[in-house]
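>
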Amino acid sequence: RYGRLALVFGLCAAIPVIASTIHAVASGWLPLGDDGVIAVRSFDVFSTHPPLLGQYSQSSQVIGKDVLSPGPMLYWLLAVPVRISASAPAITVGIVNTAAICAIVLLARRRGGLALMSLTAGALALMCASWNASTLHDTWNPAAALLPFTLLIFLAWSLACGEYRLLPLTAIVASFTVQAQLTYIVPVAALLLVALGFLTTA
332 RYGRLALVFG
342 LCAAIPVIAS
352 TIHAVASGWL
362 PLGDDGVIAV
372 RSFDVFSTHP
382 PLLGQYSQSS
392 QVIGKDVLSP
402 GPMLYWLLAV
412 PVRISASAPA
422 ITVGIVNTAA
432 ICAIVLLARR
442 RGGLALMSLT
452 AGALALMCAS
462 WNASTLHDTW
472 NPAAALLPFT
482 LLIFLAWSLA
492 CGEYRLLPLT
502 AIVASFTVQA
512 QLTYIVPVAA
522 LLLVALGFLT
532 TA
């Protein structure tokens, strides 16, 4: 029963994401600029020369050397959608973000009951509504990792409380977040160190 209630609250919290994604598709969303580069590299996943690293970083122009995000998981996520339609990558990111929000709300219920679940769902809805709408479905790598990183915070909390069964999911979410954008490496590492530290002493 509580699982279904958490799903309802999660979907309500994800309304900004769902609405943004629907509006983008209805408006004829196309992968342009960095999104276009990501779409092209996603096409390469099933080629004889698949990408082994992530997106090129603008910091390369500052330090004078090529800097890329650590891994290609974002390209793997979009490898099939880019072959379906031009807007399918945006739909995919919208689905991933909606799933992340629902998972966050469910974990909040496990950690703090109905009160924390309700507060978390409301905070997520307000947070998403405060962002630029395109961020909620954008395939641009820093944006695509925002809500997965938020989910990782709750996963790390749950691990620290002894929920070792969440280790595989935590590893996947952490890997995706770090591989999407270099900026997330330090906070992700800090979260995992704290979570694993508490887990091993639980």
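First residue of the sequence shown? That's 332 in this note's numbering, and the numbers climb one at a time after it.
From the three backbone atoms N, C-alpha and C, an ideal C-beta is built for every residue, glycine too.
Note that the structure is predicted; figures quoted are calculated from it, not measured.
#1: Is it true that the CB of A505 sits closer than 7 Å to the CB of L483?
#2: Given L523, which residues of its chain have a CB within under 7 Å of its CB, disregarding the five upstream and five downstream residues?
#3: Residue range of the alpha helix (DSSP H) that Q575 falls in?
#4: 7 Å is my cut-off, CB to CB: does G453 come that close to chain B?
#5: Hey, is the segment 506 to 513 in contact with the segment 397 to 411, meaning 3+ C-beta pairs nearer than 8 Å?
#6: Which stretch, first to last residue, makes up the alpha helix (DSSP H) that contains P347?
#7: Look at the alpha carbon of A464 and the alpha carbon of A431, and state the distance between them as a whole number of angstroms.
#8: Below 6 Å CB to CB, which residues in the same chain sit around L455 once its five sequence neighbours on both sides are set aside?
#9: Residues in the same chain with beta-carbon distance under 7 Å from L500, minus the five sequence neighbours each way, listed in chain order, please.
#10: Would DSSP call L363 helix, strand or coil?
#11: Name the residue from L363, V398, V427, T532 whose alpha carbon lies nearest to the alpha carbon of A417.
#12: Just grab the DSSP bridge partners of Y387 for me.
#13: Under a three-way DSSP split, which group does N428 fall into?
#14: Would you decide whether R414 is buried or exposed? Buried here means 16 or more other CB atoms lie within 10 Å of its CB.
#15: How long is the line joining the alpha carbons of V427 and L342, rounded to whole angstroms?
#16: Do A421 and H380 have their CB atoms nearer than 7 Å?
#17: Reducing DSSP to helix, strand and coil, say where C459 ends up.
So, to answer that:
#1: Cβ atoms of L483 and A505: closer than 7 Å.
#2: If we look at L523 and ignore the five residues flanking it on each side, its Cβ neighbours are A487, A505.
#3: A query on residue 575 cannot be resolved here, the shown segment of the chain reaching from 332 to 533 and no further.
#4: Protein chains in the displayed structure number just one, and chain B is not present.
#5: With the cut-off at 8 Å, the segment 506 to 513 and the segment 397 to 411 touch.
#6: Boundaries of the alpha helix (DSSP H) around P347: 346 to 357.
#7: Distance between the alpha carbons of A464 and A431: 17 Å.
#8: Once the five neighbours on either side are set aside, the close Cβ partners of L455 are A344, I432.
#9: Cβ-Cβ distances below 7 Å link L500 to L486 in the same chain, with the five nearest sequence neighbours on each side left out; the list follows chain order.
#10: L363: coil per DSSP, three-state reduction.
#11: Considering only alpha carbons, the answer is L363.
#12: According to DSSP, Y387 bridges with L399.
#13: Helix.
#14: It is exposed - the Cβ of R414 has fewer than 16 other Cβ atoms within 10 Å.
#15: Whole-angstrom Cα-Cα distance: 12 Å.
#16: When the beta-carbon positions are compared, A421 and H380 stay at least 7 Å from each other.
#17: Correct three-state label for C459: helix.
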